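So the sequence shown is numbered by the numbering used here: it starts at 18 and just counts up by one.
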Amino acid sequence: MEPKVSVTSPQDRPVPRWSLGSNSGLHYGSFVNSLSSLTPQADTDEKPAISKRRSYVAVAVLCYINLINYMERYTIAGVLLNIQKFFEISDSTAALLQTVFICSFLLLAPLFGYLGDRYNRKYIMIGGLTVWLATAAGSSFVTVSHFWLLMLLRGLVGVGEASYSTIAPTIIGDLFTGGQRSAMICIFYIFIPIGSGLGYITGAGIATATGDWRWALRITPILGVVGMVLLIFLCPNPPRGAAETHGEGVTGQSPYLEDVKYLLKNKSYRWSTLGVTATAFLVGALAFWTPTFLSRGQVLQGLQPQCTKEPCNTTDSYIFGAVTLVTGIMGGCLGTLLSRRFRDKVPNADPIICAVGLLGSAPCLFVAIFVASASIPATYVFIFLGEVLISLNWAVMADILLYVVIPTRRSTAEALQISVCHLLGDAGSPYLVGVISDAISKTKPESFGWRFHSLKYSLLICPFVGILGGLFFLLTSFYIAEDRTAAMRLVEEDPPPPPPSDPTSEPSMELSTQEIKKE
């Protein structure tokens, strides 16, 4: 039957707010048919609702908070030897500090993703950061008999980080589009390795300067207060999809289960999420254990004495922090440059870049693990090469999500990806490495050299997971061109007809402010 469409003249017709229907019959691949109302006749010269200058300031604020976020996350790793001596805990128990933090992070991410797609994102971030600042500062006052309280507070820190990490990238996605978005996302994600590196450096430096590791946990909350003030006064809450709709934004909501079904049917999102998960597993284990591993290697080679009481020697935390910082900048910039250069020529360039990064890092890490017993400088060379290759992925992985998922579902997509990558990735990888290390070391409990070798053998799981992640990104490359084109139809005026084989899946359509009715 032919639909009857009521059309008003351009002069009389008001410019509508772009809306996405929530018909429960929405199917991925045909969802563009419900987006005809997302393409009003807008003036392409219309000024955006948020000025470029304000957008750049907002990105700067979000990058600063992201820096503090990751500094706080890896300060613990920078003073791990001191914490182990202070509480007299094993490798596996020490790793629980990271595990409980990541577990709360991943459990709360879906909640913040749901809220971020429906409510004021700025207010959500402010609330989460308030909890983060309070619990991060409180964890520095835990006494020696209350290790359980330190774990509890570390878990609550994940509340703030879940709210921020889930929502902040989507705000950047709504401020910029195309090449500018890629550049801004690159800058934002480069602050992950920069913050991680500074976390090692500042944690070790403050612990050494004060003689008390707990002061290392107090610096990031102080810096975080500054970020909170900047967020309140300088960061806008742009309309969802503002960058793609000339500032109009996309309105309307679909049920949460429909959002999840859409994402699960998106093959690029599905396979890239598994690739991100493998990356998180790899990076989480290495970030937590590498300074301790290298310190034990120094002792094995007689380059420094064994730590018997705090404060312990934190030289390796300084060096590893500097390596992480430099390689993060180099790899992040290189990955983005390669993406921008080849994306137009090779539609699946982004997942291929990610695959090459992970597959190339595996042999470098494998060599670094075995060379550590003979030459610490050579170990750092291979760690440097491996981290550069891994860092190729940071911005590119985030950009993939933003351009294969429609604007009204990006927070949910971010949240689900965060939950999966942490649940199967860095929530368990530090603890798994610690458990394997403890199990191996128990075979020769009196040998300190065996403690080094037990950690070495447990770390071998990392290169193999890196190879697996590379394969996941190669699978992503088979589907990304199709999925990106489908998402880009959000701004097209002539969506294709629905598949003839499944007419019942055709969602409702809106044109301007008039509803299409079927006879």
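Heads up, the beta-carbon is just placed ideally off N, CA and C, and yes, glycines get one too.
Since the model is a prediction, treat every value here as computed from it, not as a measurement.
Whole angstroms is fine: what's the gap from residue i's alpha carbon to residue j's?
i: G42; j: N283; result: Here the model assigns G42 a pLDDT of 35, short of 50, so the residue's position is not dependable and the matter cannot be decided.
i: M505; j: V316; result: 56 Å
i: L491; j: G377; result: 13 Å
i: E510; j: R257; result: Residue confidence is low: E510 scores 42 on pLDDT, short of 50, so the model does not pin down where it sits. No coordinate-derived value is stated.
i: Y448; j: I484; result: 21 Å
i: C203; j: P272; result: 31 Å
i: Y91; j: I141; result: 24 Å
i: L418; j: Q101; result: 39 Å
i: E178; j: Y87; result: 9 Å
i: Q115; j: V96; result: 13 Å
i: V161; j: P238; result: 22 Å
i: S72; j: L192; result: 6 Å
i: G145; j: F129; result: 9 Å
i: F495; j: N365; result: 7 Å
i: L354; j: E275; result: 35 Å
i: S2; j: L477; result: Because the chain is modelled from 18 through 536, residue 2 falls outside the range shown and cannot be assessed.
i: A233; j: G352; result: 32 Å
i: T396; j: A389; result: 5 Å
i: L320; j: G241; result: 37 Å
i: E105; j: G466; result: 19 Å
i: I67; j: P255; result: 7 Å
i: V148; j: S182; result: 14 Å
i: G212; j: L84; result: 4 Å
Suppose contacts are defined by Cβ-Cβ distances below 9 Å. Is residue i in contact with residue j by that definition?
i: G175; j: L113; result: no
i: F15; j: K461; result: No answer is possible for residue 15: it lies beyond the span of the chain, which begins at 18 and ends at 536.
i: G374; j: G348; result: yes
i: P480; j: L382; result: yes
i: P566; j: E499; result: Here the chain comprises residues numbered 18 to 536, so residue 566 is not present and cannot be evaluated.
i: Q318; j: I393; result: yes
i: V343; j: F401; result: yes
i: V277; j: T493; result: no
i: R357; j: V421; result: no
i: F205; j: D443; result: no
i: A75; j: C252; result: yes
i: T152; j: R138; result: no
i: I497; j: S285; result: yes
i: C120; j: L406; result: no
Is the beta carbon of residue i within less than 8 Å of some heavy atom of the ligand ZN?
i: F129; result: Ligands in the displayed structure: none, and consequently the ligand ZN is not present.
How about residue i: is its C-beta nearer than 9 Å to some C-beta of chain C?
i: V161; result: The chain inventory of the structure shown lacks chain C, comprising one protein chain alone.
Does the stretch 364 to 372 touch the stretch 239 to 250, meaning 3 or more C-beta pairs lie closer than 8 Å?
With a cut-off of 8 Å, the stretch 364 to 372 and the stretch 239 to 250 do not count as touching, because too few Cβ pairs lie within range.
Which full runs of the alpha helix (DSSP H) of 4+ residues lie inside the stretch 165 to 214, going along the chain?
Complete alpha helix (DSSP H) runs here, min 4: none at all.
Taking only runs that begin and end inside the stretch 87 to 165, name each unbroken alpha helix (DSSP H) of 4 or more residues, in chain order.
Within the stretch 87 to 165, the complete alpha helix (DSSP H) runs of at least 4 residues are 97 to 104, 108 to 133, 138 to 155.
Those runs of the beta strand (DSSP E) which lie wholly inside the stretch 384 to 458 and span at least 3 residues:
Runs found: none.
Whether or not the stretch 430 to 437 and the stretch 289 to 302 are in contact is what I'm after, with contact meaning three or more pairs of Cβ atoms, one per stretch, closer than 8 Å; do they touch?
Contact holds between the stretch 289 to 302 and the stretch 430 to 437, because three or more Cβ pairs, one in each stretch, are under 8 Å apart.
I'd like to know if the stretch 164 to 174 and the stretch 193 to 202 are in contact, where contact means that at least 3 CB-CB pairs between them fall below 8 Å.
Contact between the stretch 164 to 174 and the stretch 193 to 202 is not established, with fewer than three Cβ pairs separated by less than 8 Å.
The stretch 213 to 224 contacting the stretch 330 to 344, beta-carbon criterion three pairs below 8 Å:
Touching, per the Cβ criterion.
Segments of 4+ residues assigned as alpha helix (DSSP H) that fall wholly inside the stretch 241 to 325:
Qualifying alpha helix (DSSP H) stretches, in chain order: 273 to 282, 284 to 317.
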